[in-house]
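Notes to accompany the following structure.
Numbering (our numbering), first residue to last: 1 to 123.
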């Protein structure tokens, strides 16, 4: 071995890291009251700023007819470009909502039958 390789190995052995402690995989500690308060305040500030900015932008766009027209053209172009996806998404959403209503109706019927059965036993 060359002198440089021996020196590099010696340095590498000295620099080896100490074994790290094992990190427990689990839940984080619950947030403190201060953290909860700060998060709420920050979210309020962000929402307030976004609301104010959106109102300003909307007012500016409505006041300028060319901007309003170009926004309508852009919306129409995007709707035409993605019309197949929009139709598929709409039909899928309608089907899922229909299935949801049917499941809720079935659950409600089961609940009513269970209540009637319980009231029949008590009499």
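All C-beta atoms in this analysis are idealised placements derived from N, C-alpha and C, irrespective of residue type, glycine included. Since this is a predicted model, take the numbers as computed values, not measurements.
Beta-carbon separation (whole angstroms), residue i vs residue j, contact threshold 8 Å
i	j	result
residue 53	residue 61	Actually they are not in contact, since the Cβ atoms of residue 53 and residue 61 sit about 13 Å apart, beyond 8 Å.
residue 86	residue 79	7 Å
Exercise for the section: List in chain order: all unbroken alpha helix (DSSP H) runs of 4+ residues lying wholly within the region 59–96. Expected result: 65–81
Practice task
Would you list, in sequence order, the uninterrupted beta strand (DSSP E) runs of no fewer than 3 residues that lie entirely inside the region 30–61?
Solution key: none
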